[in-house]
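Here's the structure we're looking at; comments come further down.
In the numbering used here, the protein residues as written are 9 to 1054.
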């Protein structure tokens, strides 16, 4: 009885103590220790509030019973701005700070620029004696860290990838074998070599080894390595430079032990490796990844692959393979997963080999050049769950019988082929397991009779973009009326009409992405009547929608992450509630509408806004300064509106917006000077304020924007000199045209290897064009038109081999035209039209692309089938544009047209001498203007080689002789002008393009005759004097130039 009473008493005390601990929370000494750590990890949000439970803090995990800290996630917490990093780039972490955490089992210190764990007061083994998982990824640890960690006998997982380790020698020692319980070791992307593999032999418990991206090379003895790592199941050697694995000596011996997964992506790049031999070496593994390799096999028979019969998963994406592999692959009888995406396969699919693999569950043949129809033997793959044949040239009407019979399919991608897809999709009626169906960029065809059918499947994702033309206006597939489980629906670019199909949202309450861009939907935005809490992306841009943006849009879509309504006819004000959306990383594009009013203050104050594009509306008033103070906004486009007044001033001492990368305020009515705070935006990548009424000097602070790639201050009233400190190390596109800039170019720009576009036209610059211009090695566009430049054209321009557009017109240049200009290649240049910017998003680094919306569907992982991944790109608003005069008019070139445009304009100067015959070697040139100079001599007959030229203007000079008859072979020539010269003889016969030129092309040449001029060659007198013969003269331009044509 007494024993029972004692037991009750002890139990009661235990409950009292436990209750006290629950109220108290984490141990006080551990809470204090966390605050001591906070001084090192300066991004921590831990707050010192009395009584706060540190177990509830971000990154802290506690045991539910004892309330002791057992896990700390401190990854990527040590952050600072650029100036702090320069002064102290590395961190030294004292391990004694972790002594209070006696039960710590998991610690993540990744991404903190830590150089070492300091153990002056206490050893690493004492501080981390119970640690089982240690993540030190992406720091600056060197070899010495290994000697400090090898005594951690309880450690099971160690991640040291992306550090500075050069050798594993310190894993060895006289004491017991290091880390005897270690099961996972990641050493990716250090500087290890082949010799370091020997130092791993003591890790007898290791099950997973990653040593990719190091300096392994040549031959590797795989069996020798695995003999010492007998429990190894997963091996990653990707990203090294190997030639081969030493062959297995005894094939009967299971020398690869327990190895099941081998990752050898991108290790064989010299073209000498044999896939057959490699699969023989790894014949006992289940899964082998071989992406991005180069193999030399021809695959003549299936017998060559018989030895690899245990392989179940083979991934060869982006590897160079022989077409015969599809016939030989049938020998891999156990194969369940085969991925051959982007392997350069061509021709038609064979009917043997791959079709015999009845265990196939996943087949990826995407991004090749396969063509023809799908063979009927496809029906043999009765276990197939995943089929991706996108990005080929397959043809066929409807869906093949073989595909229609694969009723276990869960994922089908037919996108970017030449299929004619029936709009009713009845061929998939019996695919009851189907979850994802993608058929972008095929041809949607109407069926003559449309039978009524009810699908047996419920899709998670359906993608049918860009499948119709403007001539064909069809209806949205009716089977969608029966879908109620969609997460992603993409019907973009199909010319579908009527009202926006919001009924899809009513029927599918789990939709996350609703993409209807580029159709012909009209009417008002009649949103669903009930909230849709799951939707993240809505894109209804480029339609014909009118009326206001509904005021309740935020309550209907409370979790919006991206909204694109651009390119419609929306009117009214911007709903303030858009600023209340709290989803981190909000993307908002309302451009190219008819919206009015200003920017709502609530929107400007949003802490979630990442991308805001309000371009080309009717917005007006002052720009609220709050919008520039956002700590989250990365891309801001307010161009093409009616904003007026000064760009708001901001207190620099409190200005913290280091996040802004792109800012475009062009084409408004802004005035005053550029505010100083702009030069404090250290990450600014692009700044455009063109076509406003800004004035003053270009500030010297501009030189401190080290990240600036695009600067457009054109069409304003800026004056004074160009800052001499402006060496443009990072800048790629510079537009300062149509201002009042003055002075010389002696010290500006000429230390740049990245400058692609230099536009200084229509200013008041003077002096000579400096010879240092030849140092701008990347320059592709040079526009110095309408200034006061004097002197000769520097021959250093000829060193700029990327140069394709030159405009030096309307200056006071004199001397000869450099014949070396013929060395310019004038090749198309992607850099000329590219304004790509890079910025961090929620998923890493995003590269702005061509449109807003879902662009790549990784619908299912190859083995998982359940995870939907959506990647999206954001349109880069700052499109590079260049104004260039040709064909008697000024044109704005952009995009691909700018990429392929080439021209030279030296008009309206004081150039003398003859036109160099070498200019005729510029076979890619599209526009050449040498008019309004004092050029003499003949028109070079070599101009007949200018096969791409569209505009040729040689007017207002002193040229003599005949027009070369072979110019009639210039079939692209649209504008030709040789008026106001001293040309003679008959005009070439009016054939091809010469039949389109009227007399204005030839007037004021006294001795030129023949149509379209009203001068009969037989009535024309000889020239009164004989002109001196040119060195460019050809036989056809000789004696006949100065004789009477009869």
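Virtual Cβ for every residue (Gly too), placed ideally from N, Cα, C.
Check	Outcome
Per DSSP, cross-strand counterpart(s) of residue 70	77
For residue 1017, the residue or residues it bridges with in DSSP	994
Whether residue 522 touches residue 548 by CB criterion (9 Å)	yes
Of the residues 420, 149, 274, 424, the one placed nearest residue 379, counting alpha carbons only	424
Residue 950 (DSSP reduced to helix, strand or coil)	helix
Run of the alpha helix (DSSP H) containing residue 232, from where it starts to where it stops	230 to 236
Contact check, residue 1059 vs residue 934, beta carbons under 9 Å	With the chain covering only 9 through 1054, there is no way to say anything about residue 1059.
Nearest to residue 392 (by Cα), restricted to the options 305, 166, 161, 416	416
Classification of residue 708 by the beta-carbon crowding that lies within 10 angstroms, buried from 16 upward	exposed
Per-residue DSSP class, three states only, for residue 89	Because residue 89 sits at a pLDDT of 44, beneath the cut-off of 50, its placement in the model cannot be relied upon, and the following sentence gives the value as read from the coordinates. In this structure, residue 89 counts as coil in the three-state DSSP scheme.
Residue 1065 versus residue 607 - alpha carbon distance	Since the displayed the chain opens at 9 and closes at 1054, residue 1065 lies outside it and no answer follows.
Continuous beta strand (DSSP E) stretch holding residue 471: start and end	469 to 471
Buried or exposed (CB count within 10 angstroms, at least 16 for buried), residue 399	buried
CB of residue 769 within 9 Å of CB of residue 891, strictly	yes
Straight-line Cα distance separating residue 731 from residue 766	15 Å
Three-way DSSP call (helix, strand, coil) for residue 708 in this model	helix
Chain-order list of residues whose beta-carbon lies under 6 Å from that of residue 542 (same chain, five-residue window excluded)	518, 520
Test item: CB-CB of residue 220 and residue 248 under 9 Å	yes
Residue 383 in three-state terms, based on DSSP	coil
Beta-bridge partners of residue 165, as assigned by DSSP	141, 192
The segment 922 to 929 / the segment 980 to 989 touching (three or more Cβ pairs under 8 Å)	no
Cβ separation of residue 348 and residue 372, assumed to be a contact under 8 Å, to the nearest whole Å	7 Å
The segment 532 to 540 touching the segment 483 to 499, judged by at least three CB pairs closer than 8 Å	no
Same chain, Cβ closer than 6 Å to residue 681, five either side skipped, listed in chain order	704
Cβ-based neighbour list, residue 446, same chain, cut-off 6 Å, excluding 5 preceding and 5 following	421, 423, 471
Member of 595, 555, 600 whose CA lies at the smallest distance from the CA of residue 580	555
Coarse secondary structure for residue 176, derived from DSSP in three states	coil
Own chain residues within Cβ distance below 6 Å of residue 65, not counting five before or after	54
When 194, 337, 550, 176 are compared against residue 201, the one with the closest alpha-carbon	176
Three-way DSSP call (helix, strand, coil) for residue 401 in this model	strand
As assigned by DSSP and simplified to three states, the class of residue 851	Residue placement at residue 851 is flagged as unreliable, the pLDDT there being 32, under the threshold of 50; the coordinate-derived value follows with that caveat. If DSSP states are grouped into helix, strand and coil, residue 851 belongs with coil.
Segment limits, alpha helix (DSSP H) that includes residue 750	Here residue 750 belongs to no alpha helix (DSSP H); instead the beta strand (DSSP E) covers 748 to 751.
Opening and closing residue of the alpha helix (DSSP H) in which residue 908 lies	903 to 908
DSSP state of residue 525 mapped onto helix, strand, coil	coil
Contact check, residue 812 vs residue 792, beta carbons under 9 Å	no
Proximity below 9 Å, CB of residue 672 to CB of residue 710	no
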